[in-house]
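In the working numbering, the protein residues as written are 24 to 327.
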């Protein structure tokens with residue numbers, strides 16, 4: 024019987040205008056929306072409210088939050104040239120973080136079995152005190168802290184299969200053994216972080232580096248032989264996925280060889296974790312066709 028899978032989307036994400044030629048653009052959300060419509064994907068819409076300042080402060084410094092708000096509202100330049108902000112970016116960023124929380128809340132309250140939040144800007148590169156790599160706030164870290172601090176969830180696992188290492192997420196939880204962060208990412212590649220020697224407090228941090236040109240065989244083997252056994256040992260009460268789709272063979276920003284179906288298969292292989300309590304958040308993915316198709320494959324696997 025298909026699961027009731029929730030879906031978060033807000034139009035404000037389309038107004039976060041990063042400029043002509045920028046890979047992290049509004050067309051990404053349009054591509055996912057069109058792919059869902061074309062595939063006649065069935066979902067339960069989840070209402071999304073903006074994250075509060077209190078939500079953000081569980082991960083970010085007050086100075087960082089104020090800097091992002093001021094930069095957005097003044098249409099000012101930010102020191103990281105790739106991380107563009109306009110006035111509408113402030114609302115989009117609050118809603119992207121809020122979508123992560125809303126998806127978790129819907130799962131915990133039994134309104135849905137699992138959920139996918141298709142919101143932007145993405146988040147896993149954002150540090151405690153710095154925006155970078157297209158990311159303003161670390162949406163998945165904010166969700167994890169909300170699960171732990173507000174809802175009292177004992178242990179949270181974060182699986183990051185974006186092709187880039189989630190430096191911000193790793194740094195947030197490196198000394199916190201109640202959150203296990205595991206990343207599969209191409210190396211070398213931006214941001215140049217994420218080494219296997221970095222294991223975190225009580226071995227609750229894991230980095231699996233993928234060489235140039237790796238495909239489904241290598242990625243599924245890494246998941247099966249390294250990450251899933253670690254998560255099974257950890258016994259998480261909730262699973263969050265940083266679901267970037269930029270390890271796809273068509274993606275222009277990396278050199279991996281994943282197929283669209285690989286994202287469905289990776290999803291199936293982790294669904295038994297945390298008794299199925301899973302929320303997935305959009306991160307990267309910059310070939311519009313591959314992004315839309317991969318998001319559909321991932322979502323439909325959540326529904327199975």
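Using N, Cα and C, we set each Cβ at its ideal position, and we do this for glycine too.
Residue span of the beta strand (DSSP E) that contains residue i, given as start and end
i, result
"residue 209", "202-209"
"residue 183", "179-183"
"residue 243", "Here residue 243 belongs to no beta strand (DSSP E); instead the alpha helix (DSSP H) covers 239-245."
"residue 261", "261-266"
"residue 140", "137-140"
"residue 223", "Careful: residue 223 lies outside any beta strand (DSSP E) and carries neither H nor E."
"residue 304", "301-305"
Beta-carbon separation (whole angstroms), residue i vs residue j, contact threshold 8 Å
i, j, result
"residue 286", "residue 268", "6 Å"
"residue 266", "residue 184", "7 Å"
"residue 171", "residue 195", "Actually they do not touch by this definition, with Cβ atoms about 12 Å apart."
"residue 254", "residue 296", "5 Å"
"residue 157", "residue 105", "6 Å"
"residue 67", "residue 314", "Their Cβ separation, rounded to whole angstroms, is 22 Å, which puts residue 67 and residue 314 out of contact at 8 Å."
"residue 26", "residue 137", "6 Å"
"residue 190", "residue 227", "Contact flag wrong, Cβ pair sits at about 16 Å."
"residue 246", "residue 280", "Residue 246 to residue 280, Cβ: 15 Å. No contact."
"residue 233", "residue 241", "6 Å"
"residue 209", "residue 186", "5 Å"
Burial state of residue i (16 or more Cβ within 10 Å)
i, result
"residue 33", "buried"
"residue 312", "exposed"
"residue 152", "exposed"
"residue 271", "buried"
"residue 65", "exposed"
"residue 97", "exposed"
"residue 75", "exposed"
"residue 218", "exposed"
"residue 225", "exposed"
"residue 235", "exposed"
"residue 252", "exposed"
"residue 42", "exposed"
"residue 306", "buried"
"residue 99", "exposed"
"residue 112", "buried"
"residue 78", "buried"
"residue 51", "buried"
"residue 129", "buried"
"residue 161", "buried"
"residue 133", "exposed"
"residue 29", "buried"
"residue 24", "exposed"
Extent of the continuous alpha helix (DSSP H) run through residue i
i, result
"residue 94", "85-96"
"residue 289", "283-293"
"residue 115", "110-131"
"residue 80", "76-80"
"residue 315", "311-326"
"residue 29", "Run containing residue 29: none in the alpha helix (DSSP H); it sits in the beta strand (DSSP E), 28-31."
"residue 276", "Taken as a continuous stretch (DSSP letters only), residue 276 belongs to no alpha helix (DSSP H), as it is neither H nor E."
"residue 163", "162-168"
"residue 53", "50-61"
"residue 190", "190-196"
"residue 255", "251-257"
CB contact flag (residue i, residue j, <7 Å)
i, j, result
"residue 149", "residue 31", "no"
"residue 144", "residue 159", "yes"
"residue 207", "residue 179", "no"
"residue 46", "residue 309", "yes"
"residue 176", "residue 260", "yes"
"residue 205", "residue 250", "yes"
"residue 35", "residue 166", "no"
"residue 139", "residue 278", "no"
"residue 182", "residue 264", "yes"
"residue 121", "residue 71", "yes"
"residue 119", "residue 155", "no"
"residue 238", "residue 197", "no"
Proximity test, Cβ basis, 7 Å: residue i and chain D
i, result
"residue 224", "Considering every chain present, this structure includes no chain D. It has just one protein chain."
Contact test: residue i Cβ vs the ligand COA heavy atom, cutoff 6 Å
i, result
"residue 242", "Ligands in the displayed structure: none, and consequently the ligand COA is not present."
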